[in-house]
Amino acid sequence: MQGKRPVDLCNGGVVWSCCVPRNAEPSKQAMVKEALCGRTYMRDAKVVGGVSAKFGHQPWQAAIVKRSFLSQKISCGGALINDKWVLTAAHCVDRTPASNLRVRLGEHNIRDTTERYPHEEYTVRRKIVNEGFDRRNFVNDIALLELAQPVIYREHIIPICLPEKGANFTGELATVAGWGRVKYGQSYMPSSLQKVDVQVIDNEVCRSWFKEKGRREQIFNTMLCAGYKDGGRDSCQGDSGGPLVLKKNGRAQLIGLVSWGVQCALPNLPGVYTRVSEYVDWVEIYINRKNKGDLLTINPAVTNTAVSKTEQQREKDVKAADNGGDKQEQSSSSSAISVAASVRRR
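Oh and the sequence shown: position 183 is 183 in the UniProt record's numbering, straight run, nothing missing.
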């Protein structure tokens, strides 16, 4: 994507969350005026080896917190894309009412209350699950969360850029981050945000690798594979919805959302992500429509087994979301191959 400009929206597995609330008011010194998406503003934000991301190096990283009567827990990741909206995986939020969701920004170590700047937690005004999401094969595994209050950008809370529509990142080295397991099957969950570099793999190559292992899962064109033929580096359980990030010319772009995989880091079975560049128009319908007036006319990002909708139906979906409805219509196809039991949501 050399020379192409990312979309700038700046201006416009279970981890128990820390039981100690952070009520300290964030320092005004940490505020960033006229922040640019995909930029890091922490003066000490460089990573020095290892797998732990340094504080403030992933300022767009969101933690999706699910609340119940007696507890709350970080169940997924997400990415801040402007001062009101967070992108995450549909399977993370489709069965949870918006009133039971919280979005935590600026988090790093979930058990440390003495970090340089405190995290900030936001209630969710509404959620919008992609109307073509299908749990049987994880097609269209993407959702938007609208925050009840606008975010004030700070050194450790900055939005990420969206990629150019339809952009292809095959062969690029990208970074995925989250609080998920560092090894498949183990119960230990890290306290600090973890990150790992993975290579974006051509979809046809990815499909051939899966076939070599006797797998029947479908890799749709709206999905993206990232990892290595030999395995060893991957996202894992608890990382779902988290960002797959590519940096170009000092700016970070959100190219994928952690979606699904077969266990973690196995040879020939890379992680599978939602390909964000196929959903830029879908995102902009909701986050920009008040500024643009009419709904955009778009080609659906749904392919193969997913069922597209008419623009009239899309407008109804938008109105339903505006009314605060949590239940989203999902399209599916009877011909879809169900994801096998050994496939795990991330």
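Note that CB positions come from ideal geometry on N, CA and C, so glycine has one too.
Answer with buried or exposed for Met223, where buried requires no fewer than 16 other C-beta atoms within 10 angstroms of its C-beta. buried
Closer than 6 Å by C-beta to Arg104: which residues in its own chain qualify, once you throw out the five before and the five after it? Chain order, please. Ala63, Val65, His119, Glu121
Report yes if the C-beta distance between Trp129 and Val151 is below 9 Å; otherwise report no. The amino acid at residue 129 is misidentified as Trp; the sequence shows Val. Not closer than 9 Å, so no.
Closest to Thr123 by CA distance: which of Leu144, Gly185, Leu101 is it? Leu101
Mind checking Phe69: buried by the 16 CB within 10 Å criterion, or exposed? exposed
Classify Ser187 as buried or exposed, calling it buried when 16 or more other Cβ atoms lie within 10 Å of its own Cβ. exposed
Report yes if the C-beta distance between Tyr184 and Glu155 is below 9 Å; otherwise report no. no
So who's on the other strand from Asn109, going by DSSP bridges? Ser192
Are the beta-carbon atoms belonging to Pro159 and Trp60 less than 9 Å from one another? yes
Endpoints, beta strand (DSSP E) assigned at Lys213: Careful: Lys213 lies outside any beta strand (DSSP E) and carries neither H nor E.
Output the boundary residues of the alpha helix (DSSP H) element that contains Ile287. 280–287
Tell me, please, which residues DSSP counts as bridged to Tyr41. BP columns for Tyr41 are empty, so no partner.
Helix or strand or just coil, what does DSSP make of Val93? helix
Beta-bridge partners of Glu204, as assigned by DSSP: Glu204 pairs with nothing; no bridge assigned.
Taking the straight line between their C-alpha atoms, what separation do you get for Lys195 and Glu131? 30 Å
According to the neighbour-count rule (16 or more other Cβ atoms, all chains shown, within 10 Å of its Cβ), is Gln149 buried or exposed? exposed
Where does Asn82 land, buried or exposed, given buried means 16+ other C-beta within 10 angstroms? buried
Starting from Glu146, trace the beta strand (DSSP E) both ways and give me its first and last residue. 143–147
Would you grab the beta carbon distance between Val280 and Lys127 for me? Rounded to a whole angstrom, and I think it's under 8 Å. In fact, because the Cβ distance is near 19 Å, the residues do not count as touching under 8 Å.
Cβ shell of Val200 (< 7 Å), same chain only, five flanking positions each side left out: Phe169, Thr170, Gly171, Glu172, Ala174, Leu224, Ala226
Distance between Met31 and Gln237 (C-alpha atoms, nearest Å): 33 Å
Mapping the DSSP letters down to three states, classify residue 353 as helix, strand or coil. No answer is possible for residue 353: the residues shown for the chain start at 1 and end at 346.
CB of Ala177 within 9 Å of CB of Val245, strictly: yes
Can you say whether Asn288 is buried or exposed, counting buried as having 16 or more other CB atoms within 10 angstroms of its CB? exposed
Count the other C-beta atoms from every protein chain shown that fall within 10 angstroms of the C-beta of Ser71, then say buried if there are 16 or more, exposed otherwise. exposed
On the DSSP letters alone, give me the boundaries of the beta strand (DSSP E) that Ala177 sits inside. 173–178
With C-beta atoms as the reference, is Ala143 less than 9 Å away from Leu87? yes
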